[in-house]
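Engineer: The structure follows.
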Amino acid sequence: VDVYKRQLLYNVKGLAFGYHRDKIVLNDVDFSVRSSEFVALIGPNGAGKSTLLKLLAGLHKPIFGKIEFFDKPLNEYTHRALARDVAYLPQEDEIHFPFTVSEVVMLGRWPHSGGAFFDSPSDREAVRDAMERLGISQWADRRVTELSGGERARVMLAKALATRPKCLLLDEPVSEMDLKFRTDSYRLIRELANNGISVVVVAHDIGSVARWSDRMVLMAEGKIIADGPSEEVLDVKILGDAYKTGVKVIGDGIDLAVFASDNAEDLR
129 VDVYKRQLLY NVKGLAFGYH RDKIVLNDVD FSVRSSEFVA LIGPNGAGKS TLLKLLAGLH
189 KPIFGKIEFF DKPLNEYTHR ALARDVAYLP QEDEIHFPFT VSEVVMLGRW PHSGGAFFDS
249 PSDREAVRDA MERLGISQWA DRRVTELSGG ERARVMLAKA LATRPKCLLL DEPVSEMDLK
309 FRTDSYRLIR ELANNGISVV VVAHDIGSVA RWSDRMVLMA EGKIIADGPS EEVLDVKILG
369 DAYKTGVKVI GDGIDLAVFA SDNAEDLR
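See below:
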């Protein structure tokens, strides 16, 4: 199915944002997310990727432009109502209190609690399902503070999944995972998209995420430089201009490797 014929979830037009009005982080950004779509946000540090994700999550308000979610202005949603449909996983989502893994994953059910102080059967089912999908059911009673960084990353992804959202916003969700679990996690995210959950992932492992995503959106200096299928976006000239370095892309038809150098001649 042509992804551009699917239902529009997010519609962003002319977006501008700055943490200080004299320092604009995003400028004139047009962006969209459709149903069952896996979008990868890539680009150099400071490009505005994480800031765009926070704006989509309703954590910041734009200076200019509009953000619509299901044809409704984002600012018309309450925080809890938006959180029921959109699960946001920040880059550093640390849990310092010694909760068990199952307790942390249960936190993903907060938007559905309605203020209740107990877990409903549907909450427990969602938590079990999320933990099984991430392969962490055996850790249910372990303290999250005792886990490695990569293990905690899987727990936090399970927490986001337990929300059972319509859209997942994930900021570098696999950065601390080893090769196996990074691949397993991307495969799971691909399956989620195939089953109706839209996903936006900020990623620096360009080659890895290219295999699984529907679209890649390349950002640099607060603007979108390229937006489309990986074979169009991962052009050496486009990447080189964005990252300000020589770039070489090598692929075997399935996976890609992206290399960078200060000297473009080294990578021809």
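Numbering of the sequence shown is given in the numbering used here, commencing with residue 129 and proceeding in unit increments.
Every residue, glycine too, gets a C-beta built ideally from N, C-alpha and C.
This structure is a prediction, so every number in the text was calculated from the model and none was measured.
Ordered along the chain, which non-local residues of its own chain (more than five positions away) have a Cβ less than 8 Å from that of threonine 228?
Structural biologist: Sequence-distant partners of threonine 228 (beyond 5 residues in either direction) whose C-beta falls short of 8 Å from its own C-beta, in its chain, are Ala268, Asp269, Arg270, Arg271 and Val272.
Engineer: When you compare each of Leu320, Ile334 and Ala385 to serine 164 by their alpha carbons, which one comes out closest?
Structural biologist: Leu320
Engineer: Going by the C-beta, is glutamate 165 closer than 8 Å to any heavy atom of the ligand SAM?
Structural biologist: Summarising the ligand content, the structure contains no ligands, and the ligand SAM is consequently not present.
Engineer: Measuring only the C-alpha atoms, how far is glycine 381 from glycine 263?
Structural biologist: 29 Å
Engineer: Kindly indicate the opening and closing residues of the beta strand (DSSP E) around leucine 297.
Structural biologist: 295 to 299
Engineer: I'd like to know whether the C-beta of aspartate 213 is nearer than 9 Å to at least one C-beta of chain C.
Structural biologist: You won't find chain C in this structure, because it holds only one protein chain.
Engineer: If you measure between the beta carbons of valine 328 and leucine 181, is that distance less than 9 Å?
Structural biologist: yes
Engineer: In terms of residues, what are the limits of the alpha helix (DSSP H) holding alanine 331?
Structural biologist: Boundaries cannot be given for alanine 331, as no alpha helix (DSSP H) includes it and DSSP labels it neither H nor E.
Engineer: Quick one: give me the first and last residue of the alpha helix (DSSP H) that leucine 183 is part of.
Structural biologist: Counting along the chain, the alpha helix (DSSP H) containing leucine 183 begins and ends at 177 to 184.
Engineer: If we ignore side chains and look at the alpha-carbon of each, how far apart do phenylalanine 192 and valine 167 end up?
Structural biologist: Rounded to whole angstroms, phenylalanine 192 to valine 167 spans 23 Å at the Cα level.
Engineer: Rounded to whole angstroms, what is the Cα-Cα separation between isoleucine 120 and tyrosine 205?
Structural biologist: Since the first residue of the chain shown is 129 and the last is 396, residue 120 is not available in this structure.
Engineer: State the start and end residues of the unbroken beta strand (DSSP E) segment that holds leucine 235.
Structural biologist: Taken as a continuous stretch (DSSP letters only), leucine 235 belongs to no beta strand (DSSP E), as it is neither H nor E.
Engineer: Could you work out which residue in Gly277, Asp251 and Arg282 is closest to glutamine 266 when comparing CA atoms only?
Structural biologist: For glutamine 266, the nearest C-alpha among the options comes from Arg282.
Engineer: On the three-pair Cβ rule with 8 Å, is the segment 354 to 371 touching the segment 299 to 311?
Structural biologist: no
Engineer: Applying the criterion that 16 or more other CB atoms from any shown protein chain within 10 Å of the CB defines a buried residue, is phenylalanine 145 buried or exposed?
Structural biologist: buried
Engineer: Kindly indicate which three-state DSSP category glycine 277 falls into: helix, strand or coil?
Structural biologist: helix
Engineer: Cβ atoms of leucine 367 and valine 386: under 9 Å apart, would you say?
Structural biologist: It is a contact, given that the beta carbons lie within the stated cut-off.
Engineer: Here's a check: name, in chain order, each residue in its chain whose Cβ is nearer than 8 Å to the Cβ of isoleucine 352, leaving out the five neighbours to either side.
Structural biologist: Val157, Asp158, Phe159, Val345 and Leu346
Engineer: Could you have a look at methionine 347 and say whether DSSP puts it in helix, strand or coil?
Structural biologist: In the three-state scheme derived from DSSP, where H, G and I count as helix and E and B as strand, methionine 347 is classed as strand.
Engineer: Alpha carbon to alpha carbon, how far is arginine 261 from proline 201?
Structural biologist: 33 Å
Engineer: Under a three-way DSSP split, which group does alanine 268 fall into?
Structural biologist: DSSP places alanine 268 in the coil class of the three-state scheme, outside both helix and strand.
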